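Structure first, then comments.
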Amino acid sequence: MAVDARILIVARDDVRAGPLAEGLDRLGWRTITARGPYAALAALGDLPIEAVIVDLASAGPETQGLARRLKAAVAPRRLPVIAIGDPDGDQRNQAFDLTLSPPLHPSQAALRLESLVRTAVAEEEFELRLETFGDRGRRLDLPETSEAPVRILAVGEPAPQFLALSNALQSSGAEVVGAFTAYTAFDYLHERAFDAVVLWAGDSQQEALSIAAGMRRNTRLFHIPALLYLKAESYVTMSEAFHRGISDVASPQTPEVETAMRVMELARSFRRGESIRAALEKARSSGLMDAATGLFTRDLFAAHLARLSKAAVERARPLSICVLRIAEKADTAWARQNGWLDRAIPQIGSMVGRLVRVEDTPARLATEVFALALPATNQNAARAAAERIAAVISCTAFDAGDDRPPFVCEFDIGVAEVQPGEGAVKALERAAASALKRDAV
């Protein structure tokens, strides 16, 4: 058994599961395959599986019931379950988080897995924050499920095939907005909220791919799914499309109604994730945060960290803690002595809060010391995150007065992953000691 498996595939044969498992393994999403429900439940009991993929064609009857059993088996850990099959458009009693049409390309699966796993971790974090904030008399607003029609942006020239897809989307209940050029598309994306984007790759396939790549480079547009609608003849490969940030690929050879359901399925998954992220963002206005930076206060962080540590054990997920301490440099010392560092701290803290994922917990432990609690994150990934934050802030110039050039801030970084049997406070102490040690060096 693959003891480091992250993804469980449930399928009775390898027609679809074999190539998918091989491709996901190459992409770093180590897989294990179960041939039936009992083997699947056993794997969940033995391994820290992050998500499940169910092949509807070979998983046997009652796949909806199987999905619910798999989710219940690992509670309170949230378990995303993806189905490989044709979306039916009926969302009632839907047990799957997402249904993707075959053939499922490994790169496509990896993109959806990353998104769904992050949403699951964010849901877990929101549940914990409800308790932490509730203990202090603050009730967070629950995630809001929008009843408004799904809004789709359709980008491309009005070819007959593309218009047919737009009509099918409208018949499915979506509100479709058309954009003929990339410039118009990005104007719409920055002005309005969309649940999915359809890119018509008619005679300008590279332009469609460029739009998708541009969306992935924008933090506000990063999560919006994009379906690439290809002409019957195309030189664009699946690997290239998914590498550029495409969420799904279809062609006019596929019935418009089926393609429309695929777009609606992506939009449904996106809207759910956005509701969780929005609910977590609202915690910043709870009145409990540090007034200057908008981060968790030291006491609030300590209370939430204890809850995070306990939950990490219950959910069999890693938990890492980072400490970022403003490094002692000549310019920084001068800025501190003359009061300019104190003026920069609110901006630095705000940047720390904006550079972490919504499910992470950033805190201000002292005047010049910040901490991060990163759920479902191992030590290597946590160090990469802390170094990325430090690198961005170190490129920012802070005011030092009219008669002196701006100064920059660098950080001493300490990172620790909570070990089995270790309390969160101990891990925080290890991270802090590591940051102090780097300063001494």
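First residue of the sequence shown: 1, per the UniProt record's numbering; consecutive thereafter. Using N, Cα and C, we set each Cβ at its ideal position, and we do this for glycine too. Quick caveat: nothing in here was measured; it's all calculated off a predicted structure.
Residue(s) in a DSSP beta bridge with residue i
| i | result |
| --- | --- |
| Asp412 | Arg325 |
| Leu199 | Val155, Leu228 |
| Val54 | Val10, Ala83 |
| Gly178 | Ala154 |
| Leu98 | Ile82 |
| Ala363 | Phe296, Ala371 |
| Ala312 | DSSP lists no partner for Ala312. |
| Thr33 | Ile9 |
| Ser320 | Leu374, Glu417 |
| Ala248 | Here residue 248 turns out to be Asp, not Ala, going by the sequence shown. BP columns for Asp248 point to Leu227. |
Between the CA atoms of residue j and residue i - distance to the nearest angstrom
| i | j | result |
| --- | --- | --- |
| Thr361 | Ala431 | 15 Å |
| Glu62 | Leu163 | 37 Å |
| Ser434 | Gly18 | 44 Å |
| Arg69 | Pro37 | 9 Å |
| Phe407 | Ala292 | 20 Å |
| Ala185 | Leu228 | 14 Å |
| Leu56 | Ala250 | 20 Å |
| His304 | Thr132 | 6 Å |
| Ala179 | Asp342 | 47 Å |
| Val441 | Thr237 | The pLDDT assigned to Val441 is 46, lower than 50, so where the model puts this residue is not dependable, and the model offers no usable value. |
| Pro405 | Ala333 | 14 Å |
| Gly423 | Glu127 | 21 Å |
| Glu274 | Asp402 | 43 Å |
| Val176 | Ala397 | 43 Å |
| Val257 | Ile82 | 21 Å |
| Glu123 | Leu79 | 11 Å |
| Glu387 | Ala59 | 43 Å |
| Ala316 | Ala120 | 14 Å |
| Asp4 | Ile32 | 9 Å |
| Gly173 | Met351 | 40 Å |
Cβ distance (whole Å) where residue i is taken to contact residue j below 8 Å
| i | j | result |
| --- | --- | --- |
| Val117 | Glu50 | 5 Å |
| Ile152 | Val263 | 6 Å |
| Ala390 | Ala335 | No, Ala390 and Ala335 are not in contact; Cβ-Cβ is about 17 Å, not under 8 Å. |
| Ala196 | Pro225 | 5 Å |
| Ala154 | Ser166 | 5 Å |
| Ala110 | Leu189 | Between Leu189 and Ala110 the Cβ distance is about 24 Å, and since that is not below 8 Å, they are no contact. |
Status (buried if at least 16 other CB within 10 Å, exposed otherwise) for residue i
| i | result |
| --- | --- |
| Arg220 | exposed |
| Leu98 | buried |
| Arg77 | buried |
| Asp248 | buried |
| Gln337 | exposed |
| Leu142 | exposed |
| Asn93 | With a pLDDT of 49 at Asn93, under the threshold of 50, the predicted position of this residue should be treated as unreliable, though the coordinate-derived value follows. Flag for Asn93 reads exposed. |
| residue 443 | Since the first and last residues shown for the chain are 1 and 441, residue 443 lies out of range. |
| Asp13 | exposed |
| Ala192 | Note on residue identity: the sequence assigns Arg, not Ala, to residue 192. So Arg192 counts as exposed. |
| Gln205 | buried |
| Ala137 | In the sequence as presented, Ala is not what sits at residue 137; that position holds Gly. Classification for Gly137: exposed. |
| Phe370 | buried |
* **Sufficient close CB pairs (3 or more, under 8 Å) joining the segment 414-423 to the segment 319-327** => Yes, the segment 414-423 is in contact with the segment 319-327.
* Would the segment 297-312 and the segment 143-158 be scored as touching if the rule is three or more Cβ pairs under 8 Å? -> No: fewer than three Cβ pairs fall under 8 Å.
* On the three-pair Cβ rule with 8 Å, is the segment 273-283 touching the segment 327-346? -> Verdict: no, contact absent.
* Does the segment 301-316 touch the segment 366-386, meaning 3 or more C-beta pairs lie closer than 8 Å? -> The segment 366-386 makes contact with the segment 301-316, as at least three CB pairs between them are under 8 Å.
* **Touching by the beta-carbon criterion (3+ pairs, under 8 Å), the segment 2-11 and the segment 31-48** => Remark: three or more beta-carbon pairs, one from each stretch, lie closer than 8 Å, so the segment 2-11 and the segment 31-48 are flagged as touching.
* To do: Could you tell me whether the segment 237-244 touches the segment 102-121, where touching means 3 or more Cβ pairs closer than 8 Å?
  => Because the criterion of three Cβ pairs below 8 Å is met, the segment 237-244 and the segment 102-121 touch.
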